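Reviewing the structure listed below.
Residue numbers (my numbering): 21 to 250.
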């Protein structure tokens, strides 16, 4: 790992010596103020630059407990094994990077969540423009975000894990549904906070008991490569 004069961290990609972005570096990015950025530096690349880089973004969405992160990790492992340079982003980690965890007590409703989801989308665009494949696991169930992604992320592949709330309550890995039922939590997506289910997802995964994440990852990549090669 090496530092730069701008305060950014660059991590060597294992096996090939190339430099690439890494989620661990994003934490340091949050500490850089806008004053540290030269005014003539263009932070977000234009569309022509993005098209030349042939970016690809796999956007895995669904409610809390649907298995987004688990599936994303399997997909990333397979892509890296095939030699692709991949960056994985996880909504829970990004919330901390963007300071949303500390702000939740003040504003955890739709406007704040929508703003955060759009920041995730723009981050995917910037990273993908470097020629990397981005795999992100996030709730971000807003029609505005889905529409922006399709208009601005070439190579975009949207996956919706559609799991019944009863099954999510049974899993409840973070205790979110239990806390909601106990009156300890509000603004829970899919419960008291309305969501926009994807209207044009590339793949809607209906819940099927016993279906392994290994099979899901294999099916996802088959569909993903099929779309990008067509």
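Positions of the beta carbon are idealized from the N, C-alpha and C atoms, including for glycine.
If you're wondering where the values come from, they're calculated on a predicted model, not measured in any experiment.
Cβ-Cβ separation, residue j to residue i (assumed contact under 8 Å), whole Å
i: residue 222; j: residue 178; result: 5 Å
i: residue 154; j: residue 225; result: Residue 154 to residue 225, Cβ: 19 Å. No contact.
i: residue 85; j: residue 188; result: 4 Å
i: residue 183; j: residue 82; result: 6 Å
i: residue 176; j: residue 218; result: That belief does not hold up - the Cβ atoms of residue 176 and residue 218 are roughly 12 Å apart, past 8 Å.
i: residue 136; j: residue 170; result: So it is not a contact: roughly 19 Å between Cβ atoms.
i: residue 132; j: residue 108; result: Going by Cβ atoms, the distance from residue 132 to residue 108 rounds to 24 Å, so no, they are not a contact pair.
i: residue 235; j: residue 156; result: Contact flag wrong, Cβ pair sits at about 21 Å.
i: residue 173; j: residue 75; result: 7 Å
i: residue 201; j: residue 129; result: That pair is no contact at about 20 Å.
i: residue 168; j: residue 141; result: 6 Å
i: residue 118; j: residue 94; result: Wrong, their Cβ atoms sit about 26 Å apart, outside the cutoff.
Under the three-state DSSP convention, the category residue i falls into
i: residue 103; result: coil
i: residue 245; result: helix
i: residue 207; result: coil
i: residue 235; result: helix
i: residue 119; result: coil
i: residue 215; result: coil
i: residue 230; result: coil
i: residue 83; result: coil
i: residue 222; result: coil
i: residue 240; result: helix
i: residue 56; result: Confidence at residue 56 is low in this model, with a pLDDT of 44, below 50, so the placement of that residue should be treated as unreliable; the coordinate-derived value is given next. It is helical.
Alpha helix (DSSP H) segment containing residue i, residue limits
i: residue 10; result: The structure shown does not extend to residue 10, since the chain spans only 21 to 250, so no value can be given for it.
i: residue 186; result: 185-191
Below-8 Å beta-carbon distance, residue i vs any chain D residue
i: residue 100; result: This model lacks chain D altogether, as it is built from one protein chain only.
Which full runs of the alpha helix (DSSP H) of 4+ residues lie inside the stretch 148-181, going along the chain? 163-172
Are the stretch 150-165 and the stretch 192-204 touching, with three or more C-beta to C-beta distances below 8 Å? no
Check whether the stretch 143-159 and the stretch 229-241 are in contact - that is, three or more C-beta pairs closer than 8 Å. no
Answer yes if the stretch 235-245 comes into contact with the stretch 95-109, meaning at least three C-beta pairs across the two stretches below 8 Å, and no otherwise. yes
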